[in-house]
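Enquirer:
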Amino acid sequence: MSEGTRRWLGLPRVHHRTTTSTNDRARELAQAGAPDGTLVTAGGQTAGRGRQGRAWIAPEGRALLMSLVLRRSGPLLSLAAGVAVAEVVGLDAGIKWPNDVLTADGRKVAGILVESRPQEEWAVLGIGLNVALRGDDLPQELRGRAGSMGRAVEEVETVLGQVLAGLERWLTASEGEIVAAWDRRDSLRGRGVVWAGGHGVADGIDGAGRLVVARDDGSEQRLQAGEVHLEPGPGRRVPDDGGSDALES
Ligand code: BTN
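With my numbering applied, the sequence shown closes on residue 269, and no number is skipped along the way.
1. Please list the terminal residues of the continuous beta strand (DSSP E) segment that includes L243.
2. If we require 3 or more residues per run, which beta strand (DSSP E) segments fall completely within the segment 206–242?
3. In terms of residues, what are the limits of the beta strand (DSSP E) holding E135?
4. Following the continuous beta strand (DSSP E) through Q65, name the residue where it begins and the one where it ends.
5. The alpha helix (DSSP H) with T178 in it runs from where to where?
6. Between the Cα of D125 and those of G114, G131, P118, R82, spot the shortest distance and give me the residue it belongs to.
7. Please list, in chain order, all residues of the same chain as G224 whose beta carbon is under 7 Å from its beta carbon, the five residues on each side excluded.
8. Which residue from R127, L145, L250, V109 puts its Cα closest to that of P95?
9. Are the beta-carbon atoms of V183 and V108 separated by less than 9 Å?
10. How about N43: is its Cβ closer than 8 Å to a heavy atom in the ligand BTN?
11. Less than 8 Å separating the Cβ of Q72 from some heavy atom of the ligand BTN?
12. Any beta-carbon of chain B closer than 9 Å to the one on W190?
13. I'd like to confirm something about D3: is its beta-carbon nearer than 8 Å to some heavy atom of the ligand BTN, or not?
14. Using the C-alpha atoms, what's the distance from D236 back to A50?
15. If we ignore side chains and look at the alpha-carbon of each, how far apart do V134 and R71 end up?
16. Can you check which of these residues, P118, V121, P32, R91, is closest to T192 by C-alpha distance?
17. With a threshold of 6 Å on Cβ separation, who are the neighbours of R33 within its own chain once the five nearest residues in sequence on each side are excluded?
18. My output table needs one value for L49: the three-state DSSP class, helix, strand or coil.
19. Using a Cβ-Cβ cut-off of 6 Å (strictly less than) and excluding sequence neighbours within five positions of A106, which residues of its own chain qualify?
20. Which class does A113 belong to by DSSP, given the choice of helix, strand or coil?
21. Confirm the yes/no value for this check: CB of W273, any heavy atom of the ligand BTN, distance under 8 Å.
22. Less than 9 Å between the beta carbons of A78 and Q65, yes or no?
23. Within 8 Å: the Cβ of A67 and any heavy atom of the ligand BTN?
24. Check whether the Cβ atoms of V199 and G229 lie closer than 9 Å to each other.
25. To the nearest angstrom, report how far apart K128 and L149 are at their CA atoms.
26. When burial is assigned at 16 or more other CB atoms within 10 Å of the CB, is S194 buried or exposed?
27. Could you tell me if the beta carbon of I282 falls within a distance shorter than 8 Å of some heavy atom in the ligand BTN?
Below is the structure:
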């Protein structure tokens, strides 16, 4: 879908040169009654946050920092967003469950944070995408794990248009389409994973977006939130960035 046919996401738009977190601003707008598709962007964040209480650090002006207010999101919202962002990053981009987008060399180029209040009929979809990150932009300890699209600073706005167009497609796709597209980019499949309740080998996702794990004793575990870490082993290079979300079910 081209930018010209975009009709739902991105209006109204509020842009901050710097703010604490675009998710904070979008949550406030959602609570104040902002319409479906309202977009908040920022050049920089002073308190950007990721999943599991982690911080999200991005150099001013070099990353796409955006949050959308959504009022009709489906159960696979965060997976669908991962697929949309991965498509913009490129053909080789992978996804580490649930929605870390990785470059072909296994570095995390984008993160997605969904915060929702279903009883108030809103969800905030926050996306941080390293469009023009340079090697020395981040603290030393993050450099080996962070990826970049390698684009120019001037292209952040173009990439925003591409992400919005991709989201329009994937947020309205069927669950089957989302799972199939996600599966094609699955970076964890076949890798050993560890979580609080045990360890096993990642075996894709189920129709509810849970990570399916095959345990050594032949049983199957489905994880949906909390922490999951990689076990060392062969396979496509995937960074263990401190874990993905997992909860046994
Ligand atoms: C993660 O991978 O842990 C999720 C990172 C999400 C970061 C984005 S940046 C825009 C939006 N505002 C935030 O504070 N977080 C999200």
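For every residue, glycine included, the Cβ atom is placed at its ideal position computed from N, Cα and C. Note that the coordinates shown come from a computational prediction; the quantities given were computed from them, not determined experimentally.
Expert: In this structure, then:
1. Taken as a continuous stretch (DSSP letters only), the beta strand (DSSP E) holding L243 covers 240–243.
2. DSSP runs (the beta strand (DSSP E)) wholly in the segment 206–242: 212–215, 218–225, 231–235.
3. Run containing E135: 128–137, per the beta strand (DSSP E) assignment.
4. Run containing Q65: 59–65, per the beta strand (DSSP E) assignment.
5. Following the DSSP letters along the chain, one finds T178 inside the alpha helix (DSSP H) bounded by residues 176–190.
6. The candidate whose alpha carbon is nearest that of D125 is G114.
7. Excluding sequence neighbours, G224 sits near D203, D206, R209, V232.
8. Just measuring C-alpha positions, the residue of R127, L145, L250, V109 sitting nearest P95 is L145.
9. Yes, they are a contact pair.
10. Yes; taking the cut-off as 8 Å, the Cβ of N43 has a heavy atom of the ligand BTN nearer than that.
11. Because some heavy atom of the ligand BTN lies under 8 Å away, the Cβ of Q72 counts as near it: yes.
12. The displayed structure is made up of one protein chain only, and chain B is not part of it.
13. Residue 3 lies beyond the stretch modelled for the chain, which goes from 21 to 269, so this question has no answer here.
14. Separation of A50 and D236 (C-alpha to C-alpha, rounded to the nearest whole angstrom) is 45 Å.
15. About 9 Å.
16. Ranking P118, V121, P32, R91 by Cα distance to T192 puts R91 first.
17. Taken in chain order, the residues that qualify are L59.
18. Helix.
19. Beyond the five residues adjoining it in sequence on each side, A106 comes within less than 6 Å, by CB distance, of A113, I115, V121, R205 in the same chain, given in chain order.
20. In this structure, A113 counts as coil in the three-state DSSP scheme.
21. In this structure the chain extends from 21 to 269, so residue 273 is not present and cannot be described.
22. Result yes, Cβ atoms of A78 and Q65 sit closer than 9 Å.
23. The answer is yes for A67.
24. Yes. Within cutoff.
25. Cα-Cα distance, rounded: 9 Å.
26. With a 10 Å radius around the Cβ and a threshold of 16 neighbouring Cβ atoms, S194 comes out exposed.
27. Absent from the model: residue 282. The displayed extent of the chain is 21 to 269, so no value can be given.
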